[in-house]
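Report on one structure; see the data block that follows.
Number of protein chains: 4
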Amino acid sequence: MIDRILAATAQVLEERGYAGLSTNRVAEQAGVSVGSLYRYFADKNELIEELRARSSADVLGELTGALTDAVAMPARDGVRHVLAVLVGSLQRHRAITAAMIDEAPLGAHGNILPEVERQLAQVTRIFVAVHAPSLDPAEAEARIHLAMGVALNACLRIALQPAPGITEDRLIDLTADLMVLGLVPDPLGRSATHAE
Amino acid sequence: MIDRILAATAQVLEERGYAGLSTNRVAEQAGVSVGSLYRYFADKNELIEELRARSSADVLGELTGALTDAVAMPARDGVRHVLAVLVGSLQRHRAITAAMIDEAPLGAHGNILPEVERQLAQVTRIFVAVHAPSLDPAEAEARIHLAMGVALNACLRIALQPAPGITEDRLIDLTADLMVLGLVPDPLGRSATHAE
Amino acid sequence: MIDRILAATAQVLEERGYAGLSTNRVAEQAGVSVGSLYRYFADKNELIEELRARSSADVLGELTGALTDAVAMPARDGVRHVLAVLVGSLQRHRAITAAMIDEAPLGAHGNILPEVERQLAQVTRIFVAVHAPSLDPAEAEARIHLAMGVALNACLRIALQPAPGITEDRLIDLTADLMVLGLVPDPLGRSATHAE
Amino acid sequence: MIDRILAATAQVLEERGYAGLSTNRVAEQAGVSVGSLYRYFADKNELIEELRARSSADVLGELTGALTDAVAMPARDGVRHVLAVLVGSLQRHRAITAAMIDEAPLGAHGNILPEVERQLAQVTRIFVAVHAPSLDPAEAEARIHLAMGVALNACLRIALQPAPGITEDRLIDLTADLMVLGLVPDPLGRSATHAE
DNA sequence: AATGAATGAGATTTCATTCAT
DNA sequence: AATGAATGAAATCTCATTCAT
Chain A
4 MIDRILAATA
14 QVLEERGYAG
24 LSTNRVAEQA
34 GVSVGSLYRY
44 FADKNELIEE
54 LRARSSADVL
64 GELTGALTDA
74 VAMPARDGVR
84 HVLAVLVGSL
94 QRHRAITAAM
104 IDEAPLGAHG
114 NILPEVERQL
124 AQVTRIFVAV
134 HAPSLDPAEA
144 EARIHLAMGV
154 ALNACLRIAL
164 QPAPGITEDR
174 LIDLTADLMV
184 LGLVPDPLGR
194 SATHAE
Chain B
4 MIDRILAATA
14 QVLEERGYAG
24 LSTNRVAEQA
34 GVSVGSLYRY
44 FADKNELIEE
54 LRARSSADVL
64 GELTGALTDA
74 VAMPARDGVR
84 HVLAVLVGSL
94 QRHRAITAAM
104 IDEAPLGAHG
114 NILPEVERQL
124 AQVTRIFVAV
134 HAPSLDPAEA
144 EARIHLAMGV
154 ALNACLRIAL
164 QPAPGITEDR
174 LIDLTADLMV
184 LGLVPDPLGR
194 SATHAE
Chain C
4 MIDRILAATA
14 QVLEERGYAG
24 LSTNRVAEQA
34 GVSVGSLYRY
44 FADKNELIEE
54 LRARSSADVL
64 GELTGALTDA
74 VAMPARDGVR
84 HVLAVLVGSL
94 QRHRAITAAM
104 IDEAPLGAHG
114 NILPEVERQL
124 AQVTRIFVAV
134 HAPSLDPAEA
144 EARIHLAMGV
154 ALNACLRIAL
164 QPAPGITEDR
174 LIDLTADLMV
184 LGLVPDPLGR
194 SATHAE
Chain D
4 MIDRILAATA
14 QVLEERGYAG
24 LSTNRVAEQA
34 GVSVGSLYRY
44 FADKNELIEE
54 LRARSSADVL
64 GELTGALTDA
74 VAMPARDGVR
84 HVLAVLVGSL
94 QRHRAITAAM
104 IDEAPLGAHG
114 NILPEVERQL
124 AQVTRIFVAV
134 HAPSLDPAEA
144 EARIHLAMGV
154 ALNACLRIAL
164 QPAPGITEDR
174 LIDLTADLMV
184 LGLVPDPLGR
194 SATHAE
């Protein structure tokens, strides 16, 4: 029943947008009475929260696979792979993601998928520890904080916005480059030369 | 009167969020009748649009000054300066910016201040032409597109989100680095080495 | 519930006129919430339409009986009977009829009860075919068109307006005469004499 | 100024209908302030009343000429002439007349132009006295009352409604016939034969 | 006299939420 | 557990009318 209601919520969101999302409409779409909806969800907000949490979990699931794959790859390739999977996942949840970003009263900017960001940050910490072990921990955190924002925002842009004249692949490439550059102070030992 | 109404709109937005923004509430806050509000604004949307336009213009004004200053500076310093000013400006318009980003049905994801992004992109094009003249135009556009998203999103994060344990300055530094790295393929002639 | 709302609508119409007919007032009069009103009627217009349709159907029902009776009577008696019943029916629906005629934005002048007029016209066509078979069809239509206006208007006047010093019966008599005269070119073979 | 306001009222009525008639709109159309409008008219109702009175007077003026002409004509021709002029006059005031009939809260059914009806009745009394001198006075009044309704309603129909497949002239002819028949019990001495 | 900005009651309509069945 | 009719606060917007200038 909960699943049916959440599925209906997602569909209404896709078809009518956040402004057109009413509890009655959701119940009707779900083939359920409003009363039942309120048996399983305290209020409209909880309904939305739950849907977001589930979408987040979905994305997270796909992401976890990608992260597992990524550890076996060269750094930049791994990052790229993760980003590509994230973009795909967001596209698959396009409707809900879009509706939420545009309109839902989230109260956190860009943190549409906080769990995703957290998980990504977790793995990124390991990545940084491996590829830039000498980096000061506080400095590393700062870079990760920033990089997460950049990565999520970039992926959302790539996934949801029509890029004029630029292929999605190229954008993912660039983002991957950017992340590696941003996270690892000197990915190719340039700093040695640079420091001289 | 228009100013009073817009000021009231901003305040209601701060106190109640976008969802709590009603024309009656705005009128009351402004100490004005609803009728008057509708004398000056055709409808609720126009009211919001006007507020956004004004905020946008304000930010844009401050940004323009920063961009003018920046041309006389070394590349990275110029970029940093612009970002710092942008962060400050967004902080000063925190309330409206935040409300609009989170909740206003803008239809452009993260692109809350389209004018700002456009203006920034314009100048960035020149920056790229100067500092990476050999870059393929399409490639340059892709990088700028991405960089604008990154820059705005990063500035918004810095301006609006409590950064745990990291100074704002450090984040701006990192963002500046990132932008330079992202926009100019090989700021230090690294690619020569890279190619071998 | 629908009935209660419609009854309330009729009552408000009687007491306050069309201009004083508000959905809130109707709901209050019906002892029902506005929300309920809107559960059963899509909008104010539908409410009014439904009331008109029902009144129309009521009048039509009574009219149909009268028309059935009338066929078995001599022409003038039949006409008179129909008119008398129509007057009575309109009087019984006085409030709604009056409000609608005077004020509802119908777009058809005097044609308040289009169904009634149509039904009446239908039977009148047969009447004419029987009593004035030699009449040119176009001419017959013209006469019927006119007669319907006359009949309805006359009945409305009789039903709704205080006739000073004239009995209702006498007015109905006169109207019946008029209709017979108007519909049948020469009810008593006068034209033969006339032609000489 | 009064004239300007009334002219503006008429124009707004034509362009926007009764529902679109607002005092502010009228004032604007007249190039006058609302305040001024309220200096000359106690309220909106008075404005409308005055406009109706003036339209009525206009129609009345044209009618008076026709009535003067009519006295010199044979009965039926005179009646026909008056009706034709009335139809023309109503057509010339079509917009206002139509708006008023359909929507204005008149409170009197069909009595849109009470002065016109009264004047017409006055002359008709003379007509009846001349052409049916033996008619009982009460009976005469009844016939006149009815005939006025018929005449005005018929003229309004002819003037304002698209008659499908029937010429306006023919309808006026029929109406004239009807009125003569209705007013004079036996215009051609038929009753003598009838009475036997 | 004239202006027109300001008023505010009131109209239509929506929708989250409740509760008797 | 489930239903869904009923609720009513609240939102947007209009417009007749007033009154300080």
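Residue numbers (the working numbering), protein chains in the order written: chain A, 4 to 199; chain B, 4 to 199; chain C, 4 to 199; chain D, 4 to 199.
Backbone N, C-alpha and C define an ideal beta-carbon position, used for all residues, glycine too.
Source: prediction; values computed, not measured.
Query raised in the report: So which residues on chain B does HIS148 (chain A) lean against when the C-beta distance must stay under 7 Å?
Result: ALA166 and ILE169
Query raised in the report: Do the segment 7–25 of chain B and the segment 167–182 of chain B make contact, defined as three or more Cβ pairs closer than 8 Å?
Result: no
Query - Chain-ordered neighbours of VAL153 (chain A) on chain B, where CB pairs are closer than 8 Å - result: VAL153, ASN156, ALA157 and LEU181
Query - LEU186 (chain C) and THR127 (chain C) closer than 8 Å at C-beta - result: yes
Query raised in the report: Beta-carbon of ALA145 (chain A) versus every beta-carbon of chain B: anything under 8 Å?
Result: yes
Query raised in the report: Is the number of C-beta pairs between the segment 47–62 of chain C and the segment 129–142 of chain C that are closer than 8 Å three or more?
Result: no
Requested in this report: Report yes or no: do three or more beta-carbon pairs, one from the segment 42–57 of chain D and one from the segment 81–88 of chain D, lie closer than 8 Å?
Outcome: no
Requested in this report: Answer yes or no: does any C-beta atom of chain A fall closer than 8 Å to that of THR26 (chain B)?
Outcome: no
Query raised in the report: LEU149 (chain A) and LEU66 (chain A): beta carbons closer than 8 Å?
Result: no
Requested in this report: State yes or no: is the C-beta of MET4 (chain D) within less than 8 Å of the C-beta of VAL35 (chain D)?
Outcome: yes
Query raised in the report: Are ASN156 (chain B) and VAL153 (chain A) touching if we call contact CB-CB under 8 Å?
Result: yes
Query raised in the report: Between C:ILE129, C:ASP46, C:ARG42 and C:LEU9, which lies nearest to ALA73 (chain C) when the distance is taken from Cα to Cα?
Result: C:ILE129
Requested in this report: Can you grab the Cα-Cα spacing for the pair ARG79 (chain A) / GLY68 (chain B), in whole Å?
Outcome: 38 Å
Requested in this report: Could you check if THR170 (chain C) is buried or exposed, using at least 16 other CB atoms within 10 Å of its CB as the buried criterion?
Outcome: exposed
Query raised in the report: Taking Cβ positions only, does LEU116 (chain D) come closer than 8 Å to chain C?
Result: no
Query raised in the report: Below 8 Å between beta carbons: does that hold for ALA162 (chain C) and ARG121 (chain C)?
Result: no
Query raised in the report: Using the C-alpha atoms, what's the distance from GLN14 (chain C) back to ARG95 (chain C)?
Result: 13 Å
Query raised in the report: From the beta carbon of LEU89 (chain D), is the nearest beta carbon of chain C less than 8 Å away?
Result: no
**Report entry** Rounded C-alpha distance that separates ARG7 (chain D) from PRO165 (chain D)
**Finding:** 32 Å
Query raised in the report: Does DSSP put GLY166 (chain D) in a helix, in a strand, or in coil?
Result: One point to set straight first is that residue 166 (chain D) is Ala, not Gly, in the sequence displayed. ALA166 (chain D): coil per DSSP, three-state reduction.
Query raised in the report: Could one say the Cβ of THR12 (chain B) lies closer than 8 Å to chain A's Cβ atoms, at least one of them?
Result: no
Requested in this report: Give a yes or no on whether the minimum CB-CB distance between ALA124 (chain B) and chain A is below 8 Å.
Outcome: no
Query raised in the report: Assuming ALA145 (chain A) and LEU177 (chain B) make a contact with CB atoms under 8 Å, what is their CB distance in whole Å?
Result: 6 Å
Report task. Find out if the Cβ-Cβ distance for the pair ILE147 (chain B), ARG83 (chain B) is shorter than 8 Å. Result -> no
Query - Residue closest to ALA141 (chain B), alpha-carbon to alpha-carbon, out of A:LEU40, A:GLY168, A:LEU116 and A:LEU138 - result: A:GLY168
Query raised in the report: Using 8 Å as the limit for Cβ to Cβ distance, is ARG173 (chain D) near chain C?
Result: yes
Query - Proximity below 8 Å, CB of LEU93 (chain A) to CB of LEU159 (chain A) - result: yes
Query - Residues near LEU32 (chain B) by beta carbon distance below 7 Å, same chain, minus five either side - result: A small correction: the amino acid at residue 32 (chain B) is Gln; Leu does not occupy that position in the sequence shown. ALA11, GLN14 and VAL15.
Query raised in the report: Distance, Cα to Cα, ASN27 (chain B) vs VAL37 (chain B)?
Result: 6 Å
Query - Residues near SER58 (chain C) by beta carbon distance below 6 Å, same chain, minus five either side - result: HIS96 and ILE99
Query raised in the report: Which residues of chain D have a Cβ atom closer than 7 Å to the Cβ of THR178 (chain C), listed in chain order?
Result: LEU149
Requested in this report: Whole angstroms is fine: what's the gap from LEU9 (chain B)'s alpha carbon to ALA102 (chain D)'s?
Outcome: 41 Å
Query raised in the report: What number of angstroms, rounded off, separates the C-alpha of GLY81 (chain C) from the C-alpha of TYR41 (chain C)?
Result: 44 Å
Report task. Can you check the segment 4–61 of chain A for any alpha helix (DSSP H) of at least 4 residues that lies completely inside it and give the ranges in chain order? Result -> 5–19, 26–33 and 37–43
Query raised in the report: Using a beta-carbon distance below 8 Å, is LEU79 (chain D) in contact with chain C?
Result: At residue 79 (chain D) the sequence reads Arg, which differs from the Leu that was named. Cβ-Cβ to chain C under 8 Å: no for ARG79 (chain D).
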